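Heads up, the thing below is written out as structure tokens.
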Amino acid sequence: MGPVPDSELLVRKIREGTVIDHIPAGRALAVLRILGITGREGFRVAVVMNVESRKLGRKDIVKVEGRLLKPHEVDVIALIAPTATINIVKDYKVVEKRRVKIPRLVEGVLKCKNPTCITRKKGEYIRSRFRLVSEKPVILQCVYCGTLLHEDEILAQVLGEQE
Ligand code: CTP
Ligand code: ZN
């Protein structure tokens with residue numbers, strides 16, 4: 019056993035749940051926002067920010083105890099945290115580890131930038147839907163009006179005034 023990482027000095031290991039690791043530093047709160055986790059759901063949630071990482075220099079970590087997040091629920095965070103790994107923990111052990119991957123269809127998270135798009139009409143409750151047209155760089159296309167959304171615009175939308 020090596021030295022205890024400083025992230026574990028801040029927040030202990032969890033018994034059961036999901037650990038989202040290797041989040042680019044400063045983006046943990048945006049990750050929670052995308053996942054719709056507010057803290058009001060009653061799960062214990064730990065947010066660790068700006069801890070040392072061998073791969074990233076600095077990174078953030080989010081631990082959600084008592085909830086096993088499914089791949090389709092978390093993959094959308096790849097839009098802002100492409101380096102993130104999802105660790106499913108059971109009985110204190112990591113039983114599954116995988117990288118996030120941008121889903122082929124991104125629903126409800128982003129806003130179409132075309133002001134006349136049907137998803138932006140008041141009174142119409144049509145969730146935004148974007149198709150993934152390129153992964154590197156990330157380019158999404160609105161299913162309804164065809165407008166393209168580029169990586170920098172996606173980051174700006176999700177991170178808002180944070181960065
Ligand atoms: N973790 C946790 N509770 C556990 C087990 C692991 O909170 N019961 C956390 C660890 O602190 C770490 C992440 O889950 O942030 C992944 O754990 P592990 O695979 O043991 O760490 P590494 O081998 O360092 O992971 P990687 O190779 O992905 O960097
Ligand atoms: Zn549109």
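Reminder that position 126 of the sequence shown reads as 144 in our numbering, one-by-one numbering, no gaps. Glycine included, every Cβ here is placed at the ideal spot set by N, Cα and C. It should be emphasised that the depicted structure is a prediction, and the values quoted were computed from it without experimental measurement.
query = Using a threshold of 7 Å, is the CB atom of I106 nearer than that to any non-hydrogen atom of the ligand HEM?
reply = Absent from the structure shown: the ligand HEM. Ligands present: the ligand CTP and the ligand ZN.
query = Does the stretch 59-66 come close enough to the stretch 80-94 to have 3 or more Cβ pairs within less than 8 Å?
reply = The stretch 59-66 is in contact with the stretch 80-94.
Rounded C-alpha distance that separates R145 from V22 = Counting from one through the sequence shown, the residue named residue 145 turns up at place 127. Counting from one through the sequence shown, the residue named residue 22 turns up at place 4. Their backbone Cα atoms lie some 44 Å apart in a straight line.
query = Any idea what DSSP makes of I95, helix, strand or coil?
reply = Taking the first residue of the sequence shown as 1, we reach residue 95 at position 77. In this structure, I95 counts as helix in the three-state DSSP scheme.
ask   = How many Å lie between G126 and T137 at the Cα?
value = Position 108 of the sequence shown, counting from 1, holds the residue named residue 126. Position 119 of the sequence shown, counting from 1, holds the residue named residue 137. Roughly 10 Å between the two C-alpha positions.
inquiry  = What I want to know is whether the C-beta of Y162 ends up closer than 7 Å to one or more non-hydrogen atoms of the ligand ZN.
reply    = Counting from 1 along the sequence shown, the entry for residue 162 is found at position 144. Yes, since a heavy atom of the ligand ZN falls inside the 7 Å radius drawn around the Cβ of Y162.
Three-pair Cβ contact test at 8 Å for the stretch 97-116 versus the stretch 35-47 = Yes, the stretch 97-116 touches the stretch 35-47.
inquiry  = So for T134, helix, strand or coil by DSSP?
reply    = Sequence index remark: in the sequence shown, residue 134 carries index 116 (1-based). Coil at T134, not helix or strand.
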